[in-house]
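Presented below is the structure to which this report refers.
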Amino acid sequence: MGDADRRLGRRALLVGGAAAAVGTAALARAELTHLWWRLPGVEKPRVAGAVDFRGARWVPASPANYRRADRPDDYAVDRVVVHVTQGGYASAVKAFQDPAHGAAAHYIVRRDGRITQLIRELDVAFHAGNREYNERSVGIEHEGFVQDASSFTDAMYASSARLTAAICGRYGIPVDREHIIGHVQVPGTDHTDPGPHWDWERYLQKIKN
Ligand SMILES: [Zn+2]
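Quick note: the sequence shown uses full-length UniProt numbering, first residue 1, plus one each step.
Structure representation (C-alpha cells):
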C-alpha cells in the first residue's frame, strides 16, 4: 500500500458512505485534484431565499417538485431547456407550489421580463419529463402560450437571454442549439414547447451579445 492508498483509506473512513458509493476511482481523482470537498453529499452552504441570478425574485416551489442535489458537483450541467407555461404567471407559480403537480422549473420569465426563481440551480427540477435531462439542465419557463406569437415580448427575450447567458457562463455551456434546447427536443417528450413562434435565432443572438 503506497502513501496515496493510505491517504485514500483515511479519506474513505472520514467520508464513509459517500466514498463507498462514489468508488475508489472517483475518490482518487478527487484526491489528486484536491477536490475531496466536492464529493456528492458534501453540500455547499445555502442561504435561505438566495437566488442564482441577480434581480430574480425568490418564490419557492414545493420540495415535491424537485430533488435536492449539489450541482454541478454531483451532476454536470450542460443544457438549458426552454419552456412555455401555457397559462399565466400566477397559475404557473400555483402549479409549481402544488406538491401534487409533480413538476416545476428553476425559473419563470414573465411577459414584462421579470424573473422568478423557484428552485436553486443546485437542485434537480422536474421540468423536462426525463430524468437524465432534468439532472443535466436548468429549466426556464416563459409566461404565455405556444400557439400565441404575441406571448413572446421583447422584454421577455431580452431578460431570458440575460438569464441564459449567465447560466451558460456559470457552467461553461456552449451557446448553440445543441445545448440550448426546447422542451420539444427532450428525448421521449410529447411536449411541443416553446413552439413555432419562439424565435431561436433572435434568442441565441441576444444570448451571445
Ligand atoms: Zn415544457
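For each residue, glycine too, the CB sits at the ideal point set by N, CA and C.
On a predicted model such as this, the values are computed, not experimentally measured, just so you know.
So, helix, strand or coil for residue i, using DSSP?
i: Gly113; result: coil
i: Tyr157; result: helix
i: Glu121; result: coil
i: Trp58; result: strand
i: Gly178; result: One point to set straight first is that residue 178 is Glu, not Gly, in the sequence displayed. Glu178: coil per DSSP, three-state reduction.
i: Val186; result: coil
i: Tyr107; result: strand
i: Ile140; result: strand
i: Gly88; result: coil
i: Val82; result: strand
i: Tyr75; result: coil
i: Arg170; result: helix
i: Arg68; result: coil
i: Asn130; result: coil
i: Gln205; result: helix
Going by the C-beta, is residue i closer than 7 Å to any heavy atom of ligand 1?
i: residue 253; result: Any property of residue 253 remains undetermined from this structure, which presents the chain solely from 1 to 209.
i: residue 246; result: There is simply no residue 246 to check, as the chain begins at 1 and stops at 209 in what is shown.
i: His142; result: no
i: His191; result: yes
i: His101; result: no
i: His83; result: yes
Please report the distance separating the alpha-carbon of residue i from that of residue j.
i: Ala155; j: Gly113; result: 5 Å
i: residue 215; j: Ser150; result: Since the first residue of the chain shown is 1 and the last is 209, residue 215 is not available in this structure.
i: Val184; j: Thr192; result: 5 Å
i: Val77; j: Pro45; result: 19 Å
i: Gly102; j: Phe96; result: 8 Å
i: Ala105; j: Arg136; result: 13 Å
i: Ile108; j: Asp73; result: 24 Å
i: Val124; j: Tyr66; result: 6 Å
i: Glu132; j: Thr85; result: 22 Å
i: Val81; j: Asp70; result: 19 Å
i: Leu204; j: Thr116; result: 21 Å
i: Trp58; j: Pro196; result: 30 Å
i: Val138; j: Leu122; result: 9 Å
i: Arg170; j: Gln147; result: 32 Å
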